[in-house]
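**Q**
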Amino acid sequence: DQQVKQNSPSLSVQEGRISILNCDYTNSMFDYFLWYKKYPAEGPTFLISISSIKDKNEDGRFTVFLNKSAKHLSLHIVPSQPGDSAVYFCAASARWGDTGRRALTFGSGTRLQVQP
Amino acid sequence: DSGVTQTPKHLITATGQRVTLRCSPRSGDLSVYWYQQSLDQGLQFLIQYYNGEERAKGNILERFSAQQFPDLHSELNLSSLELGDSALYFCASSARDRNDLGYGYTFGSGTRLTVV
Numbered sequence: 001d002q003q004v005k006q007n008s009p010s011l012s013v014q015e016g017r018i019s020i021l022n023c024d025y026t027n028s029m030f031d032y033f034l035w036y037k038k039y040p041a042e043g044p045t046f047l048i049s050i051s052s053i054k055d056k057n058e059d060g061r062f063t064v065f066l067n068k069s070a071k072h073l074s075l076h077i078v079p080s081q082p083g084d085s086a087v088y089f090c091a092a093s094a095r096w097g098d099t100g101r102r103a104l105t106f107g108s109g110t111r112l113q114v115q116p
Numbered sequence: 117d118s119g120v121t122q123t124p125k126h127l128i129t130a131t132g133q134r135v136t137l138r139c140s141p142r143s144g145d146l147s148v149y150w151y152q153q154s155l156d157q158g159l160q161f162l163i164q165y166y167n168g169e170e171r172a173k174g175n176i177l178e179r180f181s182a183q184q185f186p187d188l189h190s191e192l193n194l195s196s197l198e199l200g201d202s203a204l205y206f207c208a209s210s211a212r213d214r215n216d217l218g219y220g221y222t223f224g225s226g227t228r229l230t231v232v
């Protein structure tokens, strides 16, 4: 049972246009959401995050939107650049019981290709 | 170079065998997390260690075990290997333990295990 789903395995956009990557989750205990970016032969690297108390967080060309009622988040990249071509993972974090500890649950990733 | 070192990068072994994957965390990081990425799947959380102690367990099979040594490097032991264990195994480290939201994770480049 995948608690974090990225239903689009791939996305292709033209350089300069907007890239929109989507992510859905099922666990209402998730209260922190992150996007990671992964290049070939490298591990994922943190890109941007959002707390469940917000609905938008912006960092330069990257904006993450959270719609809690729909259990949906999206990553917007504007404008898209060829160097953005990578696999993007959505991740969600929830507390484990009373321990205060957390673990990240990842989606299966979306491969973004930005065409020059 | 993320600072998290995983060895070996590639491993090919036969069913029924046992292998050990090694992870050296980023300097100063006390937490180590192991993740498994199978084909078309997200990163599945396996286990976390903090300063030598097991902190959290995810979907880790009984055939798998891990430990973190006094020098903070960690090893993931996979035994009685099956074809379905073929995957990318990632290690991540962070400085924190309790309330770690995930943006502090630094991933290694992974070990690709192929079971034939």
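Line by line, the protein sequences are chains D and G.
No gaps in the numbering here: position 57 of the first sequence is 57 in the working numbering, and each next residue is one more.
No gaps in the numbering here: position 35 of the second sequence is 151 in the working numbering, and each next residue is one more.
Each residue gets a CB set at the ideal place from its N, CA and C atoms; glycine is no exception.
1. Identify every residue that forms a DSSP beta bridge with ASN151(D).
2. Could you list which residues in chain D have their beta carbon closer than 9 Å to that of VAL120(G), in chain order?
3. Closer than 7 Å by beta-carbon distance: list the chain G residues that pair up with PHE106(D), in chain order.
4. May I ask you to report which of helix, strand or coil DSSP gives ASP84(D)?
5. Please decide whether GLY109(D) counts as near chain G, where near means a Cβ-Cβ distance under 8 Å.
6. Beta carbons nearer than 8 Å to chain D: which residues of the segment 168-181 of chain G have them?
7. What whole-angstrom Cβ distance do GLY174(G) and PHE185(G) have, given they're in contact under 8 Å?
8. Please report whether the beta-carbon of TYR205(G) lies at a distance below 8 Å from any beta-carbon of chain D.
9. Is LEU146(G) helix, strand or coil by DSSP?
10. Please report the Cβ distance between GLN115(D) and SER12(D), rounded to the nearest whole angstrom; I am assuming they are in contact, meaning their Cβ atoms lie under 8 Å.
11. Per DSSP, which one or two residues make a beta bridge with PHE161(G)?
12. ASP31(D) and ALA94(D) - do their beta-carbons sit closer together than 8 Å?
13. Quick check on PHE46(D) - is its C-beta less than 8 Å from some C-beta in chain G?
14. Just mark ALA92(D) as buried or exposed, buried being the case when its beta carbon has 16 or more other beta carbons within 10 Å.
15. Under a CB-based cut-off of 8 Å, is LEU217(G) close to chain D?
16. So what does PHE58(D) bridge to, in DSSP terms?
17. Could you name the residues of the segment 134-150 of chain G whose beta carbon sits closer than 8 Å to any beta carbon of chain D, in the order they occur along the chain?
18. Kindly indicate which three-state DSSP category LEU188(G) falls into: helix, strand or coil?
19. Rounded to whole angstroms, what is the Cα-Cα separation between PHE33(D) and ASN167(G)?
20. Considering Cα atoms alone, identify which of LEU197(G), ILE176(G), TYR221(G), ASP117(G) is closest to ALA208(G).
**A** Quick look at the numbers:
1. This structure cannot speak to residue 151(D), because chain D is shown only from 1 to 116.
2. Close to VAL120(G), with beta-carbon spacing below 9 Å, are these residues of chain D in chain order: GLY43.
3. Around PHE106(D), the beta-carbon contacts reaching into chain G at under 7 Å are GLY158, LEU159.
4. In the structure shown, ASP84(D) sits in a helix (DSSP, three-state: H, G or I).
5. Yes - at least one Cβ of chain G is within 8 Å of the one on GLY109(D).
6. Cβ contacts with chain D: ARG171, ALA172, GLY174.
7. Rounded, the Cβ-Cβ distance is 21 Å, inconsistent with contact.
8. Not one chain D Cβ lies under 8 Å of TYR205(G).
9. Here LEU146(G) carries a coil assignment [DSSP, helix/strand/coil].
10. About 6 Å separates the beta carbons of GLN115(D) and SER12(D), which is inside the 8 Å limit, making them a contact pair.
11. Bridge partners of PHE161(G): TYR151(G).
12. Yes; because the gap between Cβ atoms is below 8 Å, this pair is in contact.
13. A Cβ of chain G is located within less than 8 Å of the beta carbon of PHE46(D).
14. By the neighbour-count rule (16 or more Cβ atoms within 10 Å), ALA92(D) is buried.
15. Contacts with chain D at 8 Å (Cβ-Cβ) include LEU217(G).
16. According to the sequence displayed, residue 58(D) carries Glu and not Phe. DSSP, once it has assigned bridges, lists THR63(D) as partnering GLU58(D).
17. Hits within the stretch, in order: TYR149.
18. Coil.
19. Taking the straight line joining both Cα atoms gives about 26 Å.
20. Ranking the options by Cα distance to ALA208(G), first place goes to TYR221(G).
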